[in-house]
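Only one structure is covered here, and it is reproduced in the block below.
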Amino acid sequence: MIIIHLFHKHLERQVLYLERQLRALERSFSKYKKEMDLLKTHISDLQAQLKALKALSNKTQKVLFYPSGMIIGEKIFRTDGSEGNFEVSQAACSRSAGLLASPRNSEENSALQQIAERQNKRPFLGINDRLTEGTFMYLSGEAIRYTNWSTREPNDSGGEKDCVEVYSDGKWNDKSCEKNCLIMCEY
Numbered sequence: 001m002i003i004i005h006l007f008h009k010h011l012e013r014q015v016l017y018l019e020r021q022l023r024a025l026e027r028s029f030s031k032y033k034k035e036m037d038l039l040k041t042h043i044s045d046l047q048a049q050l051k052a053l054k055a056l057s058n059k060t061q062k063v064l065f066y067p068s069g070m071i072i073g074e075k076i077f078r079t080d081g082s083e084g085n086f087e088v089s090q091a092a093c094s095r096s097a098g099l100l101a102s103p104r105n106s107e108e109n110s111a112l113q114q115i116a117e118r119q120n121k122r123p124f125l126g127i128n129d130r131l132t133e134g135t136f137m138y139l140s141g142e143a144i145r146y147t148n149w150s151t152r153e154p155n156d157s158g159g160e161k162d163c164v165e166v167y168s169d170g171k172w173n174d175k176s177c178e179k180n181c182l183i184m185c186e187y
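Per full-length UniProt numbering: the sequence shown = residues 1 to 187.
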């Protein structure tokens with residue numbers, strides 16, 4: 001009987017110990033749950049702040065670039081309003097760590113057209129057929145895939161029209177590289 005009594009006391013102590021451990025775990029869990037809920041609230045607040053900052057950044061970019069530039073996708077098109085022949089234009093863009101604007105799709109071409117229209121000037125594009133007459137290429141030597149030629153263009157009228165300008169309607173015209181055009185760079 002004494003053995004049973006001692007065993008029973010031992011079991012009671014074990015149960016009490018396990019109950020204390022369980023209460024401690026419940027307190028810890030409650031504390032961590034509160035901390036997790038707090039972290040979730042902080043994350044939600046940070047996401048809202050990030051969304052607000054992105055909206056502010058977009059507005060700021062529009063203000064900074066209007067009327068002399070636009071952002072399309074990952075490209076920035078910008079002009080300072082100055083003009084130059086093709087070589088001068090290419091060098092000016094290079095000095096500012098950019099390239100002469102080269103639209104690769106209708107959205108980019110539309111952006112260039114809008115900027116040119118606001119400037120009331122026609123920009124050169126980073127496209128020419130200097131290497132092989134009639135084969136227009138990007139300055140990198142890559143063949144152009146997107147075009148927006150005006151009716152009956154390119155026509156190489158006069159035999160010295162190796163560069164490309166953008167009309168106010170967004171259509172392209174081949175033009176002498178020695179003439180001056182709006183300098184439009186892409187970044």
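Positions of the beta carbon are idealized from the N, C-alpha and C atoms, including for glycine.
Fair warning: this is a prediction, and the values are worked out from it, not measured in the lab.
Assigned exposure category for residue i - 16 Cβ within 10 Å defines buried
i, result
"A116", "buried"
"N58", "exposed"
"S102", "buried"
Assigned secondary structure, residue i (DSSP; H/G/I helix, E/B strand, else coil)
i, result
"A101", "coil"
"L18", "helix"
"L56", "helix"
"G126", "strand"
"E83", "strand"
"Y32", "helix"
Between the CA atoms of residue j and residue i - distance to the nearest angstrom
i, j, result
"Y17", "E26", "14 Å"
"E178", "T60", "37 Å"
"A97", "I76", "12 Å"
"R118", "G134", "31 Å"
"E153", "A48", "51 Å"
"R23", "K40", "25 Å"
"I144", "L182", "21 Å"
"P67", "K33", "52 Å"
"F7", "E19", "18 Å"
"S44", "F29", "22 Å"
Best match in the options for proximity to residue i [C-alpha to C-alpha]
i, options, result
"W149", "N128, E160, G141", "N128"
"T132", "Q119, L182, D156", "D156"
"Y187", "R78, G134, E107", "R78"
"K175", "Y146, R130, F7", "R130"
The ligand GDP heavy atom lying under 7 Å from the CB of residue i
i, result
"I144", "Absence of the ligand GDP is noted for the structure shown, with no ligands found whatsoever."
Check whether the stretch 45-55 and the stretch 90-101 are in contact - that is, three or more C-beta pairs closer than 8 Å. no
Count the CB pairs spanning the stretch 156-167 and the stretch 67-76 that are closer than 8 Å, and state whether there are at least three. no
Contact between the stretch 78-90 and the stretch 109-126: three or more CB pairs below 8 Å? yes
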